[in-house]
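Notes to accompany the following structure.
Number of protein chains: 2
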Amino acid sequence: MTQLQDARAGRITPEMELAAKVEGCSPGELRARIAAGTVVLPCNRNRKTDALCAVGEGMRIKVNANLGSSMDHAEVADELVKLRAAEEAGADTAMDLSTGGDIDAIRRRIIAESKVTLGTVPIYYAAVRAVREKNTIMNMTAEDMLEAVRVHCEDGIDFITVHCGVTREVLRSLEQCDRVCGIVSRGGTFLAEWMRYHRQENPLYERYDEVLDIAREHDATLSLGDGLRPGALADAFDRPQVHELNVLAELADRARKAGVQVMIEGPGHVPLNQIQAQVQMEKELCKGAPFYVLGPLVTDVAPGYDHINAAIGGAVAGMAGADFLCYVTPTEHLSLPTPVDVREGVIVARIAAHAADIARGLPGAADWDRTFSEYREARDWQKMLSECLDPKRAGEFREHIKAHSEDTCSMCGDFCVFKVREKAKR
Amino acid sequence: MTQLQDARAGRITPEMELAAKVEGCSPGELRARIAAGTVVLPCNRNRKTDALCAVGEGMRIKVNANLGSSMDHAEVADELVKLRAAEEAGADTAMDLSTGGDIDAIRRRIIAESKVTLGTVPIYYAAVRAVREKNTIMNMTAEDMLEAVRVHCEDGIDFITVHCGVTREVLRSLEQCDRVCGIVSRGGTFLAEWMRYHRQENPLYERYDEVLDIAREHDATLSLGDGLRPGALADAFDRPQVHELNVLAELADRARKAGVQVMIEGPGHVPLNQIQAQVQMEKELCKGAPFYVLGPLVTDVAPGYDHINAAIGGAVAGMAGADFLCYVTPTEHLSLPTPVDVREGVIVARIAAHAADIARGLPGAADWDRTFSEYREARDWQKMLSECLDPKRAGEFREHIKAHSEDTCSMCGDFCVFKVREKAKR
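Residue numbers (my numbering), protein chains in the order written: chain W, 1307 to 1732; chain G, 1307 to 1732.
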């Protein structure tokens, strides 16, 4: 039985108990939401772990950190350092997107060592193997793609991105459009080029029932990838994007009917004024399926600052109902991230998620802010520096220019408003 | 004649000509908006400069950088370094908020050397002088406050923040409320404590006609300060805040009648879901007066990241109609900023402003993004690294992990979507 099947049967599993406790909601409420398909609880039954994080309606917005090697840098040990950096910075989940070096070893070490929920994109695995063993991605077979899904599910991956919505029909919509950046999803690109070359339908669509069978067997949650996500503001909310989402909505229905947990992936590069509508569209079309967004980035021109760019879009998406933010690091579009970049990416995404939790009225979300502001009013620097989002950074920045007095900072000195007021009261 | 009086008389001044050219709008359109009071063109007639930047409806959203010494760090030369950092990073305006060292010398050197529109908060000057010459802020006189306004206007400051809305009635509203952080505006605090001590009305309110006379004489633009801005999410949108804004709306009317250009300052710490309403409230109450916001910060708990926090709030405020973003630096709430912090603050605020310009459909705003995305599609790294928002940062980050090939980055290597597609086409 999957968590979804259990939930529908009215059973509260030990995993639901634990996740509800972490979330601060009742197990019954969590069960009902999982049964309705508005929350997923990714927990592959092959994985022995307490890492549990419920994603969806009424839950705290979660943050994912992408890890993974590339052909330019592939060291198992370095991926584990990034994993630890992500976990220590407060990531709720991590995805291993490795495409370089011993990708099996990296994935299995991450599974063994991680304390958080884990995801992957199996088509990367199939593509890397095809290039290595058969010279080119084009020589990948449909069976190779399904095999990749199987291997990752058997290894214990909690959620897998599958680009099942990149259909021939959707690609026809794309051809009729004049996109600036075409397809920017890697999985989407591999599949689209394979489909064009072989003049065949997407195997992950055509053989979706087999994908569902594998996922159900291990209770891996499907994250339906948006292969057609816009990679430029100019491409946002166009016909291929909406067409694919419509296909994903149908596939989400089929997943639920098959007892498989499912969420939907979202853009991408989106002008700020379109974000709310994008989220509402997903929520309506996909009957409240949890929405997992990458960014969105609200401008194309800010490489070096795309973590901030994504925080702007992610906060607004979260306020509008997105449930799960994939972090973006400062090196997005420029380089594989270092552990320092990973840390920065997670913290900044957490700011966006927290701001959105407050905005959508998540019970208790604003309590941290109220308590923290009480420390500020009291000039309790010890508490401010220990209870803020990133004590390490705050402590460093307080030293940029030292204050002459322990109870103020060097910005205002004795003109500190709280100090002036306290003095006037005496 | 002020720019407002000229505009009302149907005259297009040389300053309007130049500002319209910079803005890319017609001088006639700019004149009409200035006449209507929905745009200000701060340009003190005592200042010889080409620095011209129109702020308001239909204009590009502008970014201000706060400079200034404190008692903990007061070097004229260092303020000039920060000024240059702000200008080079693309700030449209700068404010000198000095409260330490030779504040006259700092202000005058900044006026002499700046290439951008300049603002100050004259009450700081009055407060610092009172502490130095009369032992305490409480010994400041009403005449001292007006004298500060006069000195700054005579020196050539283009816009001045005056907290004329901190009235006794507004302070009564405050007393009835249970704020977590009371008043966090420095000017507001100085005035409120002075008013309580002397049991007198705010001289800047009581003698507002004199303030208007001075401003009109030099064509200094008034920036009506929000002394009661919320300094904690818990305090946002409460009675004192709205009460003060209502007073500012009346004062804005009176300024326009007196031929004085006027804009309104806004919060502060505001939950993300309140920002749109806050902006609409200002625009309606104040008859479209340009709105100058400090942040808003969307969480209280992120010291060390308040520039990002402010970018989230600023982008949403800009989309809702705010016209002018005051940057926040990474050291906000922790320390006076260094030149590096100033640079970071300006760039991040520019990202928010640009995203909001695109969102509200400013003509031409999205062109940069489209062109940039064309470089990305073409893998034109030279152009990407020279035409992005911050070429210096992008170049550095591209080196975090070096790519093996010139035409990709180390994130995807040969799995670069653009490269895979190009290869497949051949």
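No residue lacks a Cβ here, since even glycine has one placed at the ideal position from N, Cα and C.
message: Using only the alpha-carbon positions, how far apart do residue 1604/W and residue 1680/G sit?
response: Linking residue 1604/W to residue 1680/G through their CA atoms gives a straight-line distance of about 17 Å.
task: Starting from the C-beta of residue 1642/W, find all residues in its chain whose C-beta is less than 7 Å away, skip the five residues before and the five after it, and write them out in chain order.
output: Closer than 7 Å at the Cβ level, and outside the excluded window around residue 1642/W, lie 1376, 1378 and 1379.
query: Excluding the five sequence neighbours on either side, which residues of its own chain have a C-beta within less than 8 Å of the C-beta of residue 1548/G, listed in chain order?
result: Result list for residue 1548/G: 1587, in chain order.
- prompt: So residue 1567/G packs on residue 1308/G, CB below 8 Å; how close in whole Å?
  reply: Beta-carbon to beta-carbon, residue 1567/G and residue 1308/G are separated by about 6 Å, close enough to satisfy the 8 Å threshold.
- request: Taking residue 1581/W as the reference, give the member of 1593/W, 1341/W, 1403/W and 1536/W with the closest Cα.
  value: Of 1593/W, 1341/W, 1403/W and 1536/W, the smallest CA-CA separation from residue 1581/W is found for 1536/W.
- request: Could you round the C-beta distance between residue 1490/W and residue 1723/G to whole angstroms and report it? I think they count as a contact, below 8 Å.
  value: Contact check for residue 1490/W and residue 1723/G: beta-carbon distance about 5 Å, within the 8 Å limit, so the pair qualifies.
- request: Within 10 angstroms of the Cβ of residue 1525/G, are there 16 or more other Cβ atoms? Answer buried if so, exposed if not.
  value: Buried: at least 16 other Cβ atoms inside 10 Å.
message: Short of 7 Å in beta carbon distance, which residues of its chain neighbour residue 1483/G, apart from the five on each side in sequence? Order them along the chain.
response: Within the same chain, and ignoring the five residues on either side of residue 1483/G in sequence, the residues whose Cβ sits closer than 7 Å to its Cβ are 1544, 1545 and 1546.
- request: Closer than 6 Å by C-beta to residue 1322/G: which residues in its own chain qualify, once you throw out the five before and the five after it? Chain order, please.
  value: 1333, 1336 and 1337, listed in sequence order.
task: Could you check if residue 1645/G is buried or exposed, using at least 16 other CB atoms within 10 Å of its CB as the buried criterion?
output: The C-beta of residue 1645/G has 16 or more other C-beta atoms within 10 Å across all chains shown, which makes the residue buried.
- prompt: How would you list, in chain order, the residues of chain G whose beta-carbon sits under 8 Å from the beta-carbon of residue 1644/W?
  reply: Neighbours of residue 1644/W on chain G, chain order: 1706 and 1707.
task: Give the DSSP-derived three-state secondary structure of residue 1322/W in the structure shown.
output: Annotated three-state conformation of residue 1322/W is helix, per DSSP.
message: Give me the DSSP bridge partner(s) of residue 1598/G.
response: For residue 1598/G, DSSP records a beta bridge to 1571/G and 1630/G.
message: Please classify residue 1575/G as buried or exposed, where buried requires at least 16 other C-beta atoms within 10 Å of its C-beta.
response: Answer is buried; the Cβ neighbour count reaches 16.
- prompt: Mind checking whether residue 1474/G and residue 1507/G have CB atoms under 8 Å apart?
  reply: Note that the C-beta distance between residue 1474/G and residue 1507/G is below 8 Å.
Continuous alpha helix (DSSP H) stretch holding residue 1663/W: start and end: Counting along the chain, the alpha helix (DSSP H) containing residue 1663/W begins and ends at 1645-1665.
- request: Identify every residue that forms a DSSP beta bridge with residue 1379/W.
  value: Answer is 1376/W.
Rounded separation between residue 1707/W and residue 1684/W - CA only: Answer to the nearest angstrom: the Cα atoms are 22 Å apart.
query: Does the beta carbon of residue 1573/G come closer than 8 Å to any beta carbon on chain W?
result: With 8 Å as the cut-off, residue 1573/G does not count as an interface residue toward chain W.
task: Determine, using beta carbons only, whether residue 1652/W comes closer than 8 Å to chain G.
output: For residue 1652/W, not one C-beta of chain G is nearer than 8 Å to its own C-beta.
Residue 1346/G - DSSP class collapsed to helix/strand/coil: In the displayed model, residue 1346/G falls within a strand according to three-state DSSP.
Neighbour flag for residue 1446/G against chain W, beta carbons, 8 Å: At a cut-off of 8 Å, the C-beta of residue 1446/G has no neighbouring C-beta in chain W.
query: Going by DSSP, what residues sit across from residue 1401/W in a beta bridge?
result: Paired residues: 1372/W and 1425/W.
Nearest-angstrom Cα separation, counted from residue 1647/G out to residue 1602/W: Each residue's CA atom was taken as its position, placing residue 1602/W and residue 1647/G some 26 Å apart.
field: Amino acids of chain W, ordered along the chain, whose beta-carbon sits closer than 8 Å to that of residue 1615/G
entry: Chain W residues near residue 1615/G: 1657 and 1661.
Contact under 8 Å by Cβ, residue 1530/W with residue 1558/W: Yes, the Cβ-Cβ distance between residue 1530/W and residue 1558/W is below 8 Å.
- request: Check the DSSP bridge columns for residue 1466/W and list the partner residues they point to.
  value: 1426/W and 1528/W.
task: State the beta-bridge partners of residue 1362/G as determined by DSSP.
output: DSSP output for residue 1362/G lists 1345/G as bridge partner(s).
message: Would residue 1600/G pass as an interface residue toward chain W - the criterion being a Cβ-Cβ separation below 8 Å?
response: Chain W, which has no Cβ nearer than 8 Å to the Cβ of residue 1600/G, makes this no.
- prompt: Where does residue 1362/W land, buried or exposed, given buried means 16+ other C-beta within 10 angstroms?
  reply: By the neighbour-count definition (other C-beta atoms within 10 Å, threshold 16), residue 1362/W is a buried residue.
message: Can you tell me whether residue 1518/G is helix, strand or coil according to DSSP?
response: In this structure, residue 1518/G counts as helix in the three-state DSSP scheme.
query: So which of 1500/W, 1347/W and 1342/W has the shortest CA-CA distance to residue 1320/W?
result: For residue 1320/W, the nearest C-alpha among the options comes from 1347/W.
query: CB residue 1329/W to CB residue 1353/W, shorter than 8 Å?
result: Their beta carbons are not under 8 Å apart, which means residue 1329/W does not touch residue 1353/W by this criterion.
C-alpha gap between residue 1717/W and residue 1663/G, whole angstroms: Residue 1717/W and residue 1663/G have their C-alpha atoms spaced approximately 31 Å apart.
query: Skipping 5 residues on each side, what residues in its chain have a beta carbon closer than 8 Å to that of residue 1516/W?
result: Counting only Cβ-Cβ distances below 8 Å, and skipping sequence neighbours, we find 1452.
- request: Taking residue 1687/W as the reference, give the member of 1609/G, 1682/G, 1431/G and 1578/G with the closest Cα.
  value: For the set 1609/G, 1682/G, 1431/G and 1578/G, the Cα lying nearest the Cα of residue 1687/W is the one of 1609/G.
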